[in-house]
Amino acid sequence: MYRPHSTLEQWRILQAVVDHGGYAHAAEALNKSQSSLNHAVAKLQSQLGVQLLEVRGRKAELTEEGKVLLRRSRQLTQQIEQLEQLAANMEQGWEHELLISREAIYPSSYLFDALSRFYPESRGTRVTVIDNIISGSTDAITNRKVDLAISGHVPAGHLGIPLALIRMVLCCHRDHPLTREEQVEPGRLEQELQIVIRDTGPLAADPDKDIGWLKAKERWTVSQFRDAIDILRRGVGFCWIPQHEVQPHLDTGELVELQSTVYKHLIPINLIVPDQDNLGPAGKRFAEMIRECSPMGCDPTLGRNPSSPLRD
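Letter by letter, the sequence shown follows residues 1 to 312 of the working numbering.
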């Protein structure tokens, strides 16, 4: 078995000497004697058989070999610190990984704000975000496949914390025949091609399952709203799109909003903890930040549910 010739302490001393501009300041910062630092660096050079520092005037400077090895040593000490932090997190129950299900209609900006706030406190926790549509979100919650879920549906037996209301816009290209109608009736919509977003859950296997407005005789299915928008911009079909996604194209007049009596225009989005009993401190902290970065979650007039899954 290989046994290293150097120690982490020796590399940390070398880093301190370089970072503080010499042995005297490094000794003060480390609360050690200058002679002990001199001895540690000299022994390190002897053990490696490579000169790391050379004296130029009154200042010790890194050799070219020293620059390379110092850079690699910083990576090594950082990895050790991360390893020890991970062990400490495990002892405290701090999760090393979080899996988040996000309903695709939920604005990315809110979630990214929460992620940015969480990062300084994350302690190296890895976060994976999975986009889900309709029954995909429900499946992730009921089968406890994720730690946190941002969903447009709160399954029975679960609590939801209100985050936002998403307005869905029925839209098509400005030259589409549907724009000639003042009020588009359901029967008229049935005659046109509908662009729909693929359900990511178990119900996706049933193409005839009526989820929302899916009664058009002709239907194209895509995986993302931006794909649907690109198709609409080519003058093909109609689609229900979150307002925040389509608004730039409505502003230019390229796409237009249709008036119709069908479909639910406002979809409430909630934060759900599928397994409240096993959510750790990292998950609870991130959940708080998701709530705080959402329009309804940060509204103090809405109050907090006394049975909230974020309650300690």
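Don't be surprised by glycine CBs; every beta carbon is placed ideally from N, CA and C.
Asked                                                                                                                            : Found
Span of the beta strand (DSSP E) around serine 151                                                                               : 148-151
Option in Tyr2, Ser294, Arg3, Ala287 with minimal Cα separation from valine 146                                                  : Ala287
Best match in Phe112, Ile150, Ser260, His20 for proximity to leucine 163 [C-alpha to C-alpha]                                    : Ile150
Three-way DSSP call (helix, strand, coil) for glutamine 183 in this model                                                        : coil
Chain-order list of residues whose beta-carbon lies under 6 Å from that of valine 222 (same chain, five-residue window excluded) : Ala228
Start and end residues, alpha helix (DSSP H) containing aspartate 131                                                            : Careful: aspartate 131 lies outside any alpha helix (DSSP H), inside the beta strand (DSSP E) at 126-132.
Whether glutamate 190 touches leucine 258 by CB criterion (9 Å)                                                                  : no
Sequence-distant residues of the same chain with beta carbon closer than 7 Å to leucine 48, five excluded per side               : His5, Ser6
Backbone CA spacing between aspartate 131 and phenylalanine 112 [nearest angstrom]                                               : 14 Å
Range covered by the beta strand (DSSP E) that runs through proline 242                                                          : 238-242
Best match in Thr200, Asn278, Leu53, Glu64 for proximity to valine 41 [C-alpha to C-alpha]                                       : Leu53
Length at least 4, wholly inside the region 4-35: the alpha helix (DSSP H) runs in chain order                                   : 8-19, 23-30
Pick from Val129, Ile195, Gln82 that is closest to arginine 234, judged by C-alpha positions                                     : Ile195
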